[in-house]
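**Q**
2 protein chains.
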Amino acid sequence: MAEQLRAIRTRQTILSAAAKIFEEHGYQAATISQILTEAGVTKGALYFHFHSKEDLAQGVLAEQDQRIVVPVRPSKVQEIVDVVMLQAHRLQTDPMVRAGVRLTMDQLAQSLDRSGPFLRWGEVGHELLEQAQAQGELLPHISPSETADVIVGSFAGIQSMSQAVCEYRDLVGRVSALMRHVLPSAVVPSVLASLDLSESRGATVYAEAVKAAGMQDLVDAAG
Amino acid sequence: MAEQLRAIRTRQTILSAAAKIFEEHGYQAATISQILTEAGVTKGALYFHFHSKEDLAQGVLAEQDQRIVVPVRPSKVQEIVDVVMLQAHRLQTDPMVRAGVRLTMDQLAQSLDRSGPFLRWGEVGHELLEQAQAQGELLPHISPSETADVIVGSFAGIQSMSQAVCEYRDLVGRVSALMRHVLPSAVVPSVLASLDLSESRGATVYAEAVKAAGMQDLVDAAG
Numbered sequence: 059m060a061e062q063l064r065a066i067r068t069r070q071t072i073l074s075a076a077a078k079i080f081e082e083h084g085y086q087a088a089t090i091s092q093i094l095t096e097a098g099v100t101k102g103a104l105y106f107h108f109h110s111k112e113d114l115a116q117g118v119l120a121e122q123d124q125r126i127v128v129p130v131r132p133s134k135v136q137e138i139v140d141v142v143m144l145q146a147h148r149l150q151t152d153p154m155v156r157a158g159v160r161l162t163m164d165q166l167a168q169s170l171d172r173s174g175p176f177l178r179w180g181e182v183g184h185e186l187l188e189q190a191q192a193q194g195e196l197l198p199h200i201s202p203s204e205t206a207d208v209i210v211g212s213f214a215g216i217q218s219m220s221q222a223v224c225e226y227r228d229l230v231g232r233v234s235a236l237m238r239h240v241l242p243s244a245v246v247p248s249v250l251a252s253l254d255l256s257e258s259r260g261a262t263v264y265a266e267a268v269k270a271a272g273m274q275d276l277v278d279a280a281g
Numbered sequence: 059m060a061e062q063l064r065a066i067r068t069r070q071t072i073l074s075a076a077a078k079i080f081e082e083h084g085y086q087a088a089t090i091s092q093i094l095t096e097a098g099v100t101k102g103a104l105y106f107h108f109h110s111k112e113d114l115a116q117g118v119l120a121e122q123d124q125r126i127v128v129p130v131r132p133s134k135v136q137e138i139v140d141v142v143m144l145q146a147h148r149l150q151t152d153p154m155v156r157a158g159v160r161l162t163m164d165q166l167a168q169s170l171d172r173s174g175p176f177l178r179w180g181e182v183g184h185e186l187l188e189q190a191q192a193q194g195e196l197l198p199h200i201s202p203s204e205t206a207d208v209i210v211g212s213f214a215g216i217q218s219m220s221q222a223v224c225e226y227r228d229l230v231g232r233v234s235a236l237m238r239h240v241l242p243s244a245v246v247p248s249v250l251a252s253l254d255l256s257e258s259r260g261a262t263v264y265a266e267a268v269k270a271a272g273m274q275d276l277v278d279a280a281g
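Listed below in structure tokens is the structure:
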């Protein structure tokens, strides 16, 4: 058990180092030996967890999906809003999420398959919007996969614009504006009227999710 | 006159070479000597037009704004749709536009001010939407600058997603979907009903604009 915990911690140390190096140098220019130096682990330890630079990058990319989960909501439209607003909040506050998003948006990393996060986020959105459709939250003409792709693609650009213009300071405001522009075209009015699209939503959901995750850790340790 | 034309052509040759080198190596790694070799011009000729690598990058960034102009439309909402759809068409077909957009989205080019294109496109959208508002095309609660920023930011991400997923093959479809999702929240129904948001709109506008630009060249030569 202690050994397993140590392995998890080493993996996390390596991923944090990789995130930092990719962010500083870009995917193309970054080297495994820079990541080794930054992480302060042995070559053996690194190759136990990751087989290549691409593997390390995919590890960083996957981190943005996994670590924090939005609580289930009765309204699936609110749940997708919460996923989006939580991601905006984490971009403002978590260097690992930022590194993953920058890798995703690195159009010069041509040897790296960057489609993964777009497709995975698209799937998350698609699933939630299908549930929303099943319980009558969407307007009749809406295609859940098309609307999910519009939200995922638009979010990617809104964050990039906010980063370029002011290093993410206005991000939650811009994302809230995106939601107010896209959702009225897709959601029935009675659901729209009950949504929380406020700028502080991301921070609220984050606090809630971390609390839920903390309880989950206790459950895991007991198991 | 012949000398002036030659200077314009040399500048264009250098910009095309710079676009290619930035696209291959990224802003950070690209060097002026690579651009010199690619362009096949003398050091003197290059420095006559551009003072630094940043200057070259700003030249590439500016190209996406200037070369082709959308014809004036009675509906200013249609005009902004035409600007967006034309840009999607040019991304699919023009390497210089592609290079400019990639530089804009290069979150690793930290020493390069990439806010310019976002702010310039935001200004274009803002102005058109203010005209749309003045002639009663927008819903009463809409803020032209906020809606313009949503469109510009979203477009940037939609193009990035299309590039990552399928090298721009589905771009016009995705951009048409974006317009169908954003405009109903901002535009009065009678205007909405008369908009052309079809996937072929960009190609149509391009043909029209090139024809108009051709005539403009003749006018300039005569002057």
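Those protein sequence lines, which keep their order, are chains A and B.
In terms of my numbering, the first sequence opens at residue 59 and continues consecutively.
In terms of my numbering, the second sequence opens at residue 59 and continues consecutively.
Cβ coordinates follow ideal geometry from the N, Cα and C atoms, glycine included.
Quick caveat: nothing in here was measured; it's all calculated off a predicted structure.
Please check if any C-beta of chain B sits within less than 8 Å of the C-beta of R172/A.
**A** As a working mapping, residue 172/A is identified with position 114 in the first sequence. It does; some Cβ of chain B falls within 8 Å.
**Q** If you measure from the CB of L119/A, is any heavy atom of the ligand NAP nearer than 7 Å?
**A** Inclusion of the ligand NAP in the displayed structure is not the case, the ligand content being empty and no account of it being possible.
**Q** I want to know whether the region 129 to 141 of chain B touches the region 188 to 199 of chain B - three or more CB-CB distances under 8 Å.
**A** yes
**Q** Distance cutoff 8 Å, beta carbons only. Does E204/B sit that close to anything in chain A?
**A** Against the second sequence, residue 204/B aligns to sequence position 146. Yes, E204/B counts as interfacial toward chain A.
**Q** Could you list which residues in chain B have their beta carbon closer than 9 Å to that of Q191/A, in chain order?
**A** On the first sequence, position 133 is the one that residue 191/A refers to. Annotation: Q191/A has no Cβ neighbours in chain B at a cutoff of 9 Å; minimum Cβ distance is about 15 Å.
**Q** Should A75/A be flagged as near chain B, meaning a C-beta pair shorter than 8 Å?
**A** As a first step, residue 75/A must be located in the first sequence, where it is residue number 17. So, not an interface residue.
**Q** Which chain A residues sit within Cβ distance under 7 Å of I216/B?
**A** Sequence index remark: in the second sequence, residue 216/B carries index 158 (1-based). Residues of chain A passing the Cβ test: G211, S212 and G215.
**Q** Return no unless some Cβ of chain B is closer than 8 Å to the Cβ of H302/A.
**A** For chain A, the structure presents residues 59 to 281; residue 302/A sits outside this window and is missing.
**Q** Going by CA-CA distance only, name the one from V130/B, L144/B, I79/B and M143/B that's closest to L114/B.
**A** The count along the second sequence starts at 1 and reaches residue 114/B at position 56. That would be I79/B, whose Cα lies nearest to the Cα of L114/B.
**Q** Taking only runs of the alpha helix (DSSP H) that begin and end inside the region 242 to 277 of chain A, which ones reach a length of at least 4 residues, in chain order?
**A** Qualifying alpha helix (DSSP H) stretches, in chain order: 247 to 250.
**Q** Would you mind sorting A267/B into buried or exposed? The rule is 16 or more other CB atoms within 10 Å of its CB.
**A** For the purposes of this step, residue 267/B is taken as the residue at position 209 of the second sequence. Around the CB of A267/B, 16 or more other CB atoms lie within 10 Å, so the residue is classed as buried.
**Q** How is L196/B classed by DSSP in three states: helix, strand or coil?
**A** Your numbering for residue 196/B matches position 138 in the second sequence. Residue state, collapsed to three classes: strand.
**Q** Just checking: is the beta-carbon of A87/B within a distance shorter than 8 Å of some beta-carbon in chain A?
**A** Walking along the second sequence from the start, residue 87/B turns up at place 29. At least one CB of chain A lies nearer than 8 Å to the CB of A87/B.
**Q** What is the DSSP secondary structure of R160/B, counted as helix, strand or coil?
**A** Counting from one through the second sequence, the residue named residue 160/B turns up at place 102. Correct three-state label for R160/B: helix.
**Q** Is it true that the CB of M163/B sits closer than 8 Å to the CB of V263/B?
**A** For the purposes of this step, residue 263/B is taken as the residue at position 205 of the second sequence. For the purposes of this step, residue 163/B is taken as the residue at position 105 of the second sequence. Contact flag unset, no.
**Q** Check whether the Cβ atoms of S173/A and V230/B sit closer than 8 Å, and answer yes or no.
**A** Here residue 173/A corresponds to residue number 115 of the first sequence, with the count starting at 1. Here residue 230/B corresponds to residue number 172 of the second sequence, with the count starting at 1. Contact: no.
**Q** In the DSSP assignment, find the alpha helix (DSSP H) that holds I90/A and state where it starts and stops.
**A** Counted from its first residue, the first sequence places residue 90/A at position 32. Here the alpha helix (DSSP H) through I90/A covers I90 to A97.
**Q** Does the contact criterion of 3 or more C-beta pairs under 8 Å hold for the region 240 to 255 of chain B versus the region 230 to 242 of chain A?
**A** yes
**Q** Is it buried or exposed, H184/A, if we count other Cβ atoms within 10 angstroms and call 16 or more buried?
**A** For the purposes of this step, residue 184/A is taken as residue 126 along the first sequence, with counting starting at 1. The residue is buried, with at least 16 neighbouring Cβ atoms inside 10 Å.
**Q** Going by CA-CA distance only, name the one from E195/B, E112/B, D152/B and G102/B that's closest to A251/B.
**A** As a first step, residue 251/B must be located in the second sequence, where it is residue number 193. The residue with the shortest Cα to Cα distance from A251/B is E195/B.
**Q** If you measure between the beta carbons of A97/B and I66/B, is that distance less than 8 Å?
**A** As a position in the second sequence, residue 97/B is number 39, starting the count at 1. As a position in the second sequence, residue 66/B is number 8, starting the count at 1. Contact: no.
**Q** Quick check on the burial criterion: 16 or more other C-beta atoms within 10 angstroms. Buried or exposed for S234/A?
**A** Position 176 of the first sequence, counting from 1, holds the residue named residue 234/A. Buried, by the Cβ-count rule.
**Q** What is the rounded straight-line gap between the Cα of F213/B and the Cα of R156/A?
**A** As a position in the second sequence, residue 213/B is number 155, starting the count at 1. As a position in the first sequence, residue 156/A is number 98, starting the count at 1. Whole-angstrom Cα-Cα distance: 20 Å.
**Q** I want to verify the contact list: residues of chain B whose CB lies under 8 Å from the CB of D207/A, in sequence order.
**A** The sequence position of residue 207/A within the first sequence is 149, counting from 1. What D207/A touches in chain B: M219, R232 and A235.
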